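Below is one structure, written out as structure tokens; the observations come after it.
Residue numbers (the working numbering): -14 to 92.
Written as structure tokens, this is what we have:
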């Protein structure tokens, strides 16, 4: 038909206040998108800074005190912490016997 249109032609057809309103909405939408992405980018860093880094401050002092690896009878306490529970040891032996029976079974 030979009709061609450009973006500027649409602006001439619409009232100027409507064009300003539409442009303002587009700018608001874009700025919200940018602000949202900045929030999404910064959230993991804020969590890391507030929780993990703050916990790290007193960790070096709290570990020896909490585990009681300083002072008298430290050797006996460490041995007691490293011993395996009787329930776990019996389950491990039972599973080892089951594995031996499985390998010994004819195929």
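Ideal Cβ positions, reconstructed from N, Cα and C, are used throughout, including at glycine.
Being a predicted model, the structure only gives us computed values, none of them experimental.
With contacts defined as CB atoms closer than 8 Å, residue 53 and residue 62 qualify as a contacting pair.
Residue -10 carries a coil assignment under DSSP once its states are collapsed to helix, strand and coil. The three-state reading of DSSP puts residue 33 in helix, counting H, G and I together. For the alpha helix (DSSP H) assignment, the uninterrupted runs of no fewer than 4 residues enclosed by the stretch 8 to 70 are, from N- to C-terminal side, 38 to 42, 44 to 52 and 59 to 67. The three-state secondary structure of residue 90, taken from DSSP, is coil.
The straight-line gap separating the alpha-carbon atoms of residue 10 and residue 40 is approximately 44 Å.
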